[in-house]
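Engineer:
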């Protein structure tokens, strides 16, 4: 880590211990997201880290961003995920939006005043995203959207939604991206999901019933939507990887701390080789994941994004998070299973990391596709 | 399985129907609200399974470990939380009393426990003594016609609802100076502490038993002072085998849910069943479940024949819950976003199963037991 990264990490460590940690168990139980925590993170400059300064961003690298997300995730995967997705939305607008769109939407997102959400999945199109059914019909001065989106992170609390909808033929070429804002006529929120984990971050259905979206809210041009979505996911996989690394690190920290303190059979349980081997594996896997995520971020920062590496980083780091957090519950035993200690929450939070931003099965498809290309 | 008796097969059918009608429809609600399905529990009394291993003269079914395991599996498919409470009652309380209590004590306590009029629990673990169970510090001191008990029992399944608790205490300073008592709700100085909020098994209440100068009549001592370790040893195997039965039920429920979903969910123009990746997951989890079932039933059968020692029971307790956590995690994965939501049962089944790697002896304790026995001679040198 460079000097700046160490500073970011230390600042966030203080922040999460002061502001997030004290109520996180309660907030998880009650599924309560606190906008003031998000806004404070925005004031500190963490809600648009990788965006150019002219739009209010911090102009930092993805490597820096990953350090920050890992640190936040140690206390709350939910806030880290909210920032990760909101930043992804900003990156889309910055990359594919025109000057007016950037000026209009970016400043309040980069400042963390408002939240951005990315809307691709539908009830019948998850992994098979290109088969989405939400339609955007061209009318005078704009488009009329009809359909619904599922499992939308920050649904209901976000103000700016990037929505993929079908403007043309079947398949990925007929999809376009639109900027839809909270409160637009015909845009409403459906049921809020009750989930195993990520309970602080709301996941909600979005419903479009003859929702008119003005022409100037189309991103780039018609038919460009799928490309926009996929390029965003390439970055999203790296940032999800960094969240997984933070989660693993916390699970490991808790395991070591507890096993040094807890005594059974007149010795600290850390002194049992069975537990030492578990923790040695946990530490090794966590470190390997961190290096893989850093490497994927570095390639991105160098302007030579490597899709295969990004998928590998997402696959490895999220599988590790699941394994390490499950083992942490095991090491803490009975208390690990209760909500008095954070590890059971980490384990519940870890599972979705293997599912979103492309399930780990889809990552394998992507990796295999690259391998085939390299060898043929 | 070829060695199941007609009676056992019948029990399996009856329990499967009962679970489908009385338990499954309410499982999600009790998980979300952390409440106990008292109605279904009481009906288990009418079904005749609350005293599955108790002798018929006390109202029990007089069946064995394999029968109890079959009940755990069937109930476990529907609601592992409620099944854990059933286990705490029928195996930890009833079976212990059946095996160790005097004739008078059995007559007094068993009939009400087997009908479900009373609910039972067992108190062993303490805040500082989990895996190291023999180190417990809750003290019982004899004072004339009663014992005075002080201390706290932790992670007690059914604590809040129990009328009768089967409790281990310390009566001397030597490591194994432990004695067993039957405690009744309402006894002076005995109360129930705070409920414990858990990751899973939320349909099963967990709490603390608190003893503050509790007055327990001498006739509530089971056997003699110092008998606890002997009592514990007699019951450990059946506890470990039957709790694995809950995990087996979880595994089967996961396999069933995955097969159903793979046939319904369409992506890329075809249902999931067509994808090799999904076929691999389903085939492997079904194979593992079948392997675990044959392993578990065999050990339970041999237990009933009096053929097994501590090692096979510990092996079952180690291997079944451990593999089922993996099966349940894969089941969530196969269901994708839906699997992570509470609309489908798989995420609950996974959370529930994790407890079985910790409760009734952690995986690590099982490893210790197995290794110590296998390496007995080698460890002497």
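Protein chains in written order, with our numbering: chain X, 1 to 376; chain R, 1 to 381.
Glycine is no exception: its CB is placed at the ideal position from the N, C-alpha and C atoms.
None of these values were measured; they are calculated from a predicted model.
Output the boundary residues of the alpha helix (DSSP H) element that contains residue 225/X.
Structural biologist: Start and end: 225-261.
Engineer: Could you say which of 79/R, 338/R and 105/R lies nearest to residue 20/R if we only look at CA atoms?
Structural biologist: Considering only alpha carbons, the answer is 79/R.
Engineer: Could one say the Cβ of residue 337/X lies closer than 7 Å to chain R's Cβ atoms, at least one of them?
Structural biologist: At least one chain R Cβ lies under 7 Å of residue 337/X.
Engineer: Among 236/X, 139/X, 176/X and 94/X, which one has its Cα closest to the Cα of residue 312/X?
Structural biologist: With distances taken between Cα atoms, residue 312/X lies closest to 236/X.
Engineer: Using a Cβ-Cβ cut-off of 7 Å (strictly less than) and excluding sequence neighbours within five positions of residue 337/X, which residues of its own chain qualify?
Structural biologist: Hits under 7 Å: 329 and 344.
Engineer: Taking all protein chains shown into account, do 16 or more other C-beta atoms lie within 10 angstroms of the C-beta of residue 10/X, making it buried, or fewer, making it exposed?
Structural biologist: Result: exposed.
Engineer: Can you check whether the C-beta of residue 265/X is within less than 7 Å of a C-beta belonging to chain R?
Structural biologist: Chain R contact via Cβ: present.
Engineer: Please confirm whether residue 190/X has its beta-carbon closer than 7 Å to some beta-carbon of chain R.
Structural biologist: Closer than 7 Å: no.
Engineer: Quick one: Cα of residue 275/R to Cα of residue 111/R, how far?
Structural biologist: About 54 Å.
Engineer: Hey, does residue 132/R have any beta-carbon neighbour from chain X nearer than 7 Å?
Structural biologist: For residue 132/R, the answer is yes, since a Cβ of chain X falls inside 7 Å of its Cβ.
Engineer: What is the DSSP secondary structure of residue 179/R, counted as helix, strand or coil?
Structural biologist: Strand.
Engineer: Kindly indicate which three-state DSSP category residue 139/R falls into: helix, strand or coil?
Structural biologist: In this structure, residue 139/R counts as strand in the three-state DSSP scheme.
Engineer: Can you tell me whether residue 119/R is helix, strand or coil according to DSSP?
Structural biologist: The answer is coil: DSSP assigns residue 119/R none of H, G, I, E or B.
Engineer: Going by beta-carbon coordinates alone, are residue 120/R and residue 164/R separated by less than 7 Å?
Structural biologist: The answer is yes: Cβ separation under 7 Å.
Engineer: Would you decide whether residue 77/X is buried or exposed? Buried here means 16 or more other CB atoms lie within 10 Å of its CB.
Structural biologist: With 16 or more other Cβ atoms within 10 Å, it is buried.
Engineer: Going along the stretch 197-209 of chain R in order, which residues come within less than 9 Å of chain X, judged by CB to CB distance?
Structural biologist: Those would be 197, 198, 199, 200, 201 and 206, in chain order.
Engineer: Taking only three categories from DSSP, how would you classify residue 342/R?
Structural biologist: Looking at residue 342/R - three-state DSSP - the assignment turns out to be coil, as it is neither helix nor strand.
Engineer: Out of 82/R, 58/R, 4/R and 53/R, state which residue places its alpha-carbon closest to the alpha-carbon of residue 25/R.
Structural biologist: Minimum Cα distance to residue 25/R is reached at 82/R.
Engineer: If the cut-off is 8 Å on Cβ atoms, which residues from the stretch 31-43 of chain R count as contacting chain X, listed in chain order?
Structural biologist: Within the stretch 31-43 of chain R, the qualifying residues are 32.
Engineer: In whole angstroms, give me the CA-to-CA distance for residue 395/X and residue 373/X.
Structural biologist: Residue coverage of chain X in this structure runs from 1 to 376, which leaves residue 395/X outside it and unanswerable.
Engineer: Indicate whether the contact test is met: 3 or more Cβ pairs, each with one atom in the stretch 159-177 of chain X and one in the stretch 189-202 of chain X, closer than 8 Å.
Structural biologist: Result no; under three Cβ-Cβ pairs closer than 8 Å.
Engineer: How big is the Cα-Cα spacing for residue 2/R and residue 247/R?
Structural biologist: When rounded, the distance between both Cα atoms is 22 Å.
Engineer: Buried or exposed: which applies to residue 294/R, given that a residue is buried once 16 or more other Cβ atoms fall within 10 Å of its Cβ?
Structural biologist: Exposed, by the Cβ-count rule.
Engineer: Closer than 7 Å, Cβ to Cβ, to anything on chain X: give me those residues from the stretch 69-96 of chain R, in chain order.
Structural biologist: Here the close residues number zero.
Engineer: Which of the three DSSP states, helix, strand or coil, is assigned to residue 41/R?
Structural biologist: Here residue 41/R sits in helix by DSSP.
Engineer: Tell whether a beta-carbon distance below 7 Å holds between residue 107/X and residue 56/X.
Structural biologist: Yes, the Cβ-Cβ distance between residue 107/X and residue 56/X is below 7 Å.
Engineer: Report the rounded CA-to-CA distance for residue 169/R versus residue 157/R, giving the unit in angstroms.
Structural biologist: Using only the alpha carbons, I get a separation of about 17 Å.
Engineer: Could you name the residues of chain X that residue 155/R contacts, counting a contact when the two beta carbons are closer than 7 Å?
Structural biologist: Residues of chain X passing the Cβ test: 334.
Engineer: Pull the bridge partners of residue 151/R from the DSSP assignment, please.
Structural biologist: The partner list for residue 151/R (beta bridge, DSSP) reads 211/R.
Engineer: Identify each residue in the stretch 122-135 of chain X for which the Cβ-Cβ distance to at least one residue of chain R is less than 8 Å, and report them in chain order.
Structural biologist: Those would be 124, 125, 126, 127, 128 and 131, in chain order.
Engineer: Is there a Cβ of chain A sitting closer than 7 Å to that of residue 166/R, yes or no?
Structural biologist: Protein chains in the displayed structure are X and R, and chain A is not among them.
Engineer: So, does the stretch 322-342 of chain R touch the stretch 252-262 of chain R, judging by three or more C-beta pairs under 8 Å?
Structural biologist: Verdict: yes, contact present.
Engineer: Residue 249/X: buried (16+ other C-beta within 10 angstroms of its C-beta) or exposed?
Structural biologist: Its Cβ being crowded by 16 or more others within 10 Å, residue 249/X is buried.
Engineer: According to the neighbour-count rule (16 or more other Cβ atoms, all chains shown, within 10 Å of its Cβ), is residue 139/X buried or exposed?
Structural biologist: By the neighbour-count rule (16 or more Cβ atoms within 10 Å), residue 139/X is not buried but exposed.
Engineer: In this structure, does DSSP put residue 145/X in helix, strand or coil?
Structural biologist: Three-state result, residue 145/X: strand.
Engineer: Determine the direct distance from the alpha carbon of residue 34/X to that of residue 87/R, and round the result to whole angstroms.
Structural biologist: When rounded, the distance between both Cα atoms is 41 Å.
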